[in-house]
Amino acid sequence: MFHLDPEYANPTGTTVVASGANGNIANHIVDQLVKTGYSWLVGYSSQLYGPGKIELAEVRNMAESCAFDEAVKGASGFIHMATPVMETADPNIAIPVVVNGTLNAHFVLTSSSGACTDAKPGKVFTIDSNTWKEEAEAAAWAHPPRKRSVEVGSRKQAKFHLQHVLPNANFGSVLDKHHQNGFDGEETLGNLPPQYLINSMDDAIVCVATLLYKDVSKERIFTFAYSYNWNDILAIFRELCPGRQLIDDIPNLQRDLSVVTNGRAEDLLKPFVGHEWTSLEETVKSSVADSQV
Numbered sequence: 017m018f019h020l021d022p023e024y025a026n027p028t029g030t031t032v033v034a035s036g037a038n039g040n041i042a043n044h045i046v047d048q049l050v051k052t053g054y055s056w057l058v059g060y061s062s063q064l065y066g067p068g069k070i071e072l073a074e075v076r077n078m079a080e081s082c083a084f085d086e087a088v089k090g091a092s093g094f095i096h097m098a099t100p101v102m103e104t105a106d107p108n109i110a111i112p113v114v115v116n117g118t119l120n121a122h123f124v125l126t127s128s129s130g131a132c133t134d135a136k137p138g139k140v141f142t143i144d145s146n147t148w149k150e151e152a153e154a155a156a157w158a159h160p161p162r163k164r165s166v167e168v169g170s171r172k173q174a175k176f177h178l179q180h181v182l183p184n185a186n187f188g189s190v191l192d193k194h195h196q197n198g199f200d201g202e203e204t205l206g207n208l209p210p211q212y213l214i215n216s217m218d219d220a221i222v223c224v225a226t227l228l229y230k231d232v233s234k235e236r237i238f239t240f241a242y243s244y245n246w247n248d249i250l251a252i253f254r255e256l257c258p259g260r261q262l263i264d265d266i267p268n269l270q271r272d273l274s275v276v277t278n279g280r281a282e283d284l285l286k287p288f289v290g291h292e293w294t295s296l297e298e299t300v301k302s303s304v305a306d307s308q309v
């Protein structure tokens, strides 16, 4: 729960738009907004919070010009969690769609670590506010195939018009406890590289703090809490679920050795919740408690 401050840029009791609010991180953003005293306007509806707290807004095509004009009327803030699912790999179409969606409003875009870098296990390098994934932008405008590069390049080219929150992997409590068996087996884990993670609630709080604090302006906020690999997660699983049969450690896993300037994100978190990043162990524990394991 947030500690309320009358000096917030968005007065409590007003409406905040949250796009894609049935997503994992957005669930937590909306949950924190409502607990703080905001109403929210979303692309998803729930009866959890009672009357007057939620209003459903349907945006049929995010790629259309002025797609959110009606949804944002009367709102004091906008946390943009969704990006158009690109049916085209043509950057002349896809990149302007995302960039134009950020030009005419002051809001928070929850982007992705992929807008600044790919995971590079075993390599020491620095990630800070000047780190941009230049290769993604170049690849997006190159000859096909390029669809993934176009998606990442669109987030990169929107850089100067808004606040960015850039998370890496998100783990933690699950607000919608249905349909949590999304994958099964060692092969899937092995395809996910060592990187950073953050507790989903911490990530959500930083997103909301970025919207609310008056002194946050045109910043890139890196919500990277802890470097991990899957063997770290498996070790915690074994402690939490000693009776479960789990896969063996994945051999030859490296570490994400990048040095991330994440202090600003943690500084935004601490005044709201009174603590630093939620620990890796507690994050995994809450994932296990709320999932079908």
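Every number in my numbering is 16 more than the matching position in the sequence shown, counting from 1.
Every residue, glycine too, gets a C-beta built ideally from N, C-alpha and C.
Cys-223 and Ile-45 have their C-alpha atoms spaced approximately 7 Å apart. By the Cβ test, the segment 211-219 is not in contact with the segment 258-270, since fewer than three Cβ pairs between them sit closer than 8 Å. Each residue's CA atom was taken as its position, placing Val-190 and Asn-146 some 33 Å apart. Under the DSSP definition of a beta bridge, Ala-185 partners with Leu-213. Across the structure, Gly-259 and Asn-40 are spaced so that their CA atoms are roughly 28 Å apart.
In this model, Pro-183 and Asp-218 are separated by some 10 Å (Cα to Cα).
Take the alpha-carbon of Val-50 and the one of His-180: they are about 22 Å apart. Of Thr-31, Gly-279, Lys-230, the smallest CA-CA separation from Gly-93 is found for Thr-31.
Straight-line measurement puts the Cα of Phe-240 at about 16 Å from the Cα of Asp-248. In this structure, Ser-295 sits away from Phe-187, with a CB-CB distance that is not shorter than 8 Å. Per DSSP, Leu-273 lies in no alpha helix (DSSP H) and is assigned neither H nor E. Judged by DSSP in its simplified three-state form, Val-32 adopts strand.
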